[in-house]
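Reviewing the structure listed below.
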Amino acid sequence: MQSSTSGNPPSHAPQSKKRRKLVPTVGPEMVETVLNFSGMVADINSDVPVVRSSAVQRLTVLSPLMQQLAQSKEPATVHYTAGRWKSFEEACNILQVTHDPQEHLWDRPDIDNVPPATLSPDVDSVIQRLQKTKYHKLDRSETSIRVVVELLVLDRLHNLCDSRSLEHLQLCPEVDVDLTLGDKYITGRADWLLCHDDPQCGIDSTLVAIEAKRSRDFSSADSQLATYLAAVQASRAKASKIHAIAFGITTDSNKYQFWFMDTERRLFSSVVFEWRLHKAKIITWMDKMLTEAIEASPLTTPTLQRNVSLRNWEKDFRRRQLLSSESDDSPLTDGLPFNIIVPDDSCLVGHAWYQGHKVMVIEYDDPEMSDDTDD
Numbered sequence: 020m021q022s023s024t025s026g027n028p029p030s031h032a033p034q035s036k037k038r039r040k041l042v043p044t045v046g047p048e049m050v051e052t053v054l055n056f057s058g059m060v061a062d063i064n065s066d067v068p069v070v071r072s073s074a075v076q077r078l079t080v081l082s083p084l085m086q087q088l089a090q091s092k093e094p095a096t097v098h099y100t101a102g103r104w105k106s107f108e109e110a111c112n113i114l115q116v117t118h119d120p121q122e123h124l125w126d127r128p129d130i131d132n133v134p135p136a137t138l139s140p141d142v143d144s145v146i147q148r149l150q151k152t153k154y155h156k157l158d159r160s161e162t163s164i165r166v167v168v169e170l171l172v173l174d175r176l177h178n179l180c181d182s183r184s185l186e187h188l189q190l191c192p193e194v195d196v197d198l199t200l201g202d203k204y205i206t207g208r209a210d211w212l213l214c215h216d217d218p219q220c221g222i223d224s225t226l227v228a229i230e231a232k233r234s235r236d237f238s239s240a241d242s243q244l245a246t247y248l249a250a251v252q253a254s255r256a257k258a259s260k261i262h263a264i265a266f267g268i269t270t271d272s273n274k275y276q277f278w279f280m281d282t283e284r285r286l287f288s289s290v291v292f293e294w295r296l297h298k299a300k301i302i303t304w305m306d307k308m309l310t311e312a313i314e315a316s317p318l319t320t321p322t323l324q325r326n327v328s329l330r331n332w333e334k335d336f337r338r339r340q341l342l343s344s345e346s347d348d349s350p351l352t353d354g355l356p357f358n359i360i361v362p363d364d365s366c367l368v369g370h371a372w373y374q375g376h377k378v379m380v381i382e383y384d385d386p387e388m389s390d391d392t393d394d
């Protein structure tokens with residue numbers, strides 16, 4: 020049995036700093052050629068044919084090395100970060116997103132006919148106190164702004180009637196997001212993502228992204244949010260989600276703007292609303308957005324009374340919100356492999372596959388069965 024000469028027990032022996040790696044074998048002739056490379060290049064230009072021929076033969080030993088270098092060379096990748104776009108136009112160009120402020124104005128005429136929404140009394144009171152406190156300027160602190168936004172979003176999520184959903188939207192803060200488009204690599208960190216799976220495992224279950232900024236930085240929020248929406252849309256498309264779309268909100272806790280990216284990577288934006296002037300409308304917009312996001316996912320949809328075929332959800336969405344001027348009055352059940360009538364009292368149980376199609380499993384009371392029981 021060998022004894023330790025260092026005086027340290029084996030478990031406390033100092034770790035070696037040496038590392039090993041595999042390298043390609045280089046023969047002596049290749050080393051000599053590399054060392055004398057400049058001289059051989061001069062010999063190639065010699066006027067003596069024998070000297071030129073000898074130089075060419077000696078340089079042929081470098082052929083395997085040149086092939087290895089060519090194969091190991093990776094294409095150059097340009098790295099962009101969400102917080103350092105020069106402009107919103109640059110962000111859309113790099114992200115391959117289309118946005119025209121005139122053509123892609125996200126209007127919600129249906130909201131005008133909805134009764135004004137209100138916050139729960141407790142949350143409303145806390146937000147008012149934060150906005151009116153004399154101990155700090157809310158618009159100068161991004162942390163305080165995030166507190167207000169988080170209270171607002173959580174209050175609206177609690178207000179939603181999604182108790183029968185298979186999954187509930189989770190508000191996940193500070194999520195790293197990345198997107199690869201050809202030789203372009205874009206990264207960023209979203210303030211919040213609303214999804215029904217852990218975003219660390221992938222953002223394809225994300226439905227809403229939210230970006231909060233201080234008042235003086237609000238103008239840069241759009242380019243950052245565009246990055247996150249583009250990444251979410253691409254991730255959902257890659258995962259073959261029924262709806263490769265994404266919703267978004269930019270805010271400084273006083274100004275709010277709402278966003279939507281469709282399957283064609285067209286980015287729609289609302290006008291900018293101010294909390295002190297449009298508080299009820301902002302809350303209603305948020306409620307509508309969260310409801311639309313929930314209806315767009317089979318895992319979070321509580322009922323199928325409106326969207327029988329979730330594969331046709333976007334068509335219904337576009338028709339309701341005038342995102343397209345094209346008229347489309349075809350039934351929402353188009354594309355299903357069979358005819359289906361959904362009773363008003365139906366609820367979602369789960370999803371399944373039928374003849375290669377993803378379909379929804381619903382549960383409802385059968386009146387005929389009740390009649391048979393009475394007989």
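So the sequence shown is numbered by the numbering used here: it starts at 20 and just counts up by one. From the three backbone atoms N, C-alpha and C, an ideal C-beta is built for every residue, glycine too.
(1) Which of the three DSSP states, helix, strand or coil, is assigned to A136?
(2) Could you tell me if L138 is buried or exposed, where buried requires 16 or more neighbouring beta carbons within 10 angstroms of its beta carbon?
(3) Using the rule of at least 16 other Cβ atoms within 10 Å of the residue's Cβ for burial, across every protein chain shown, is H262 buried or exposed?
(4) Can you list, in chain order, the residues of its chain with a C-beta nearer than 8 Å to that of I146? Leave out the 5 residues immediately preceding and following it.
(5) Measuring only the C-alpha atoms, how far is G207 from D131?
(6) Taking Cβ to Cβ, would you say A312 is nearer than 7 Å to L173?
(7) Under 7 Å Cβ to Cβ from Q243, same chain only, skipping five residues before and after it: list those, please.
(8) What residue range does the alpha helix (DSSP H) around A256 cover?
(9) What did DSSP end up calling A263 once you bin it into helix, strand or coil?
(10) Mind the definition here: the region 101-121 touches the region 293-302 only if three or more C-beta pairs lie below 8 Å; say whether that holds.
(11) Under a CB-based cut-off of 7 Å, is K105 close to chain C?
(12) Going by alpha carbons, who is nearest to P134 out of I63, E108, T303?
(13) How big is the Cα-Cα spacing for H215 and L190?
(14) Among Y204, W278, V194, R284, which has the Cα closest to the Cα of K307?
(15) Does the region 64-72 come close enough to the region 190-200 to have 3 or more Cβ pairs within less than 8 Å?
(16) Please tell me whether F287 and H187 are closer than 7 Å, where the distance is taken between their beta carbons.
To lay it out plainly:
(1) Coil.
(2) buried
(3) buried
(4) Once the five neighbours on either side are set aside, the close Cβ partners of I146 are L138, V167, L170, L171.
(5) 35 Å
(6) In this structure, A312 keeps its C-beta atom at 7 Å or more from the C-beta atom of L173.
(7) A101, G102, G207, E230
(8) 240-257
(9) coil
(10) no
(11) Structure shown: chain C not included; a single protein chain is present.
(12) T303
(13) Approximately 9 Å between the Cα atoms of the pair.
(14) W278
(15) no
(16) no
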